[in-house]
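Below is one structure, written out as structure tokens; comments come after it.
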Amino acid sequence: MAKYRTDCIEKPIRMCFRIIGHFIGTHPWWFFIVPVIISTALGSGFYFLENRTSNDIEKEFTPLEGPAKMERTFIQEYFPQNQSMFSSLRLNTDGTYACFIATTKTNILTILLTHHKFLVLMSQIT
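Quick note, the sequence shown lines up with residues 177 to 302 if you use the numbering used here.
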């Protein structure tokens with residue numbers, strides 16, 4: 177069987193990595209300091225980013241002259257909101273209202289079930 181040289185791709189790549197590794201090994205501080213300086217320079221822009229953020233969902237995700245915005249302005253113009261009868265389902269914008277979620281440390285379902293079982297048991301006795 178004839179032997180063929182199959183390292184025509186491996187040998188140049190290995191030599192390139194050997195040269196790069198030798199250069200990094202002889203100059204290690206450059207590969208510590210330069211990335212830190214570049215990261216600091218590019219990351220400093222995040223300091224000013226907070227002032228330029230927009231949290232308006234409608235402005236960010238809908239077209240400027242889209243039909244949804246025109247329909248909303250029509251609804252707001254002809255059907256104004258009645259604040260005396262508030263319902264979160266009737267809001268035509270996200271609005272500012274709060275939801276209250278109450279939690280307890282005990283499991284409320286087991287307490288109610290045991291109370292219900294007690295009442296059923298008492299009704300069966302009498």
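Where is the CB? At the ideal position from N, CA and C, for every residue including glycine. Remember, it's a predicted structure, so these values are computed and weren't measured experimentally.
Under the three-state reduction of DSSP output, residue 185 falls in the coil class, being neither helix nor strand. For residue 241, no alpha helix (DSSP H) segment is defined, and its DSSP state is neither H nor E.
Where residue 215 is concerned, the enclosing alpha helix (DSSP H) starts and stops at 206-219. Put simply, the backbone Cα of residue 225 is about 16 Å away from that of residue 232.
Straight-line measurement puts the Cα of residue 245 at about 12 Å from the Cα of residue 236. Contact annotation: residue 207 and residue 200 have beta-carbon atoms nearer than 9 Å.
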